[in-house]
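To keep things clear, I will list the structure first and then write my remarks on it.
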Amino acid sequence: MGPNPLKFCEELLCGADLAKGSRVCDLGSGSGITSVMLAREYGFDVYAVDLWSDPAENRAFFRRMGVPDGQIHPVKADAAEGLPFEQQFFDAVVSIDSYNYFRRDPRYLGEKLLPYVKPGGRIYLSIPGMVRDCHDALPACLLASWTPEQLE
Ligand SMILES: C[S@@+](CC[C@H](N)C(=O)[O-])C[C@H]1O[C@@H](n2cnc3c(N)ncnc32)[C@H](O)[C@@H]1O
């Protein structure tokens, strides 16, 4: 759904010390292309957690991509409210172009995300941004698609 998610995913995990079979949450997975990558290329047990996408559609996509049902789990959840998993469930969380959507509460990370990661686990975040800040003079081409608040 966002720009270059596979590239972000690959760069995020470059040098990551995560064994095959690790339980990984793809948080804000969208239509699930990175979830497929995490399952197929890295061998993780993947939970594709997203709010706006349809888990049934994502399940059909995962099957078309040849990922076994037991290795990839589409879940609809609002990350801003906390996750529907037991505490310390995940070895890692990967979140690409999504973290900035989970509202901007400074307590979010500590209260709503870290509790679901095992001690010593990892959180990998990637958020695409602009090369130069342009918030004082937003270009018309951006304002054609987004409001100033969304750009903020
Ligand atoms: C720009 S898309 C990125 C999707 C995907 N990671 C990619 O890079 O293609 C942002 C994603 O964040 C998800 N999202 C937004 N708010 C969310 C929330 N509160 N909880 C879970 N997912 C959320 C949306 O469903 C959407 O799929």
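Residue numbers (my numbering): 320 to 471. Just so you know, even glycine gets a beta-carbon here, dropped at the ideal spot from N, CA and C. As the structure is a computational prediction, the values presented were derived from the model and not from experiment.
Comparing alpha carbon positions, the residue from Gly349, Asp373 and Pro387 closest to Ala358 is Pro387.
Around the Cβ of His392, a 10 Å sphere holds 16 or more other Cβ atoms; the residue is buried. In terms of CA proximity to Thr353, Glu329 leads the group Ala399, Glu329, Gln469 and Gly448.
Between the alpha carbons of Asn377 and Gly351 lies a distance of about 6 Å. When DSSP states are grouped into helix, strand and coil, Phe421 belongs to the coil group. Taking a contact as a CB-CB distance under 8 Å, the pair Phe363 and Val343 counts as one, their CB atoms being some 4 Å apart. Rounded to whole angstroms, the separation of the alpha carbons of Pro324 and Pro447 is 9 Å.
Around the C-beta of Val450, fewer than 16 other C-beta atoms lie within 10 Å, and the residue is accordingly described as exposed. DSSP places Cys333 in the coil class of the three-state scheme, outside both helix and strand.
With respect to Ser348, Ser372 sits close: the two C-beta atoms are nearer than 9 Å. Taken in chain order, the unbroken stretches of beta strand (DSSP E) that lie wholly in the segment 359 to 447 and span 3 residues or more are 364 to 369, 391 to 395, 409 to 415 and 436 to 445.
When DSSP states are grouped into helix, strand and coil, Val450 belongs to the coil group. Placement of the Cβ of Gly439 at a distance of 8 Å or more from every heavy atom of ligand 1 is found. If you draw a straight line from the Cα of Cys333 to the Cα of Cys453, it is about 30 Å long.
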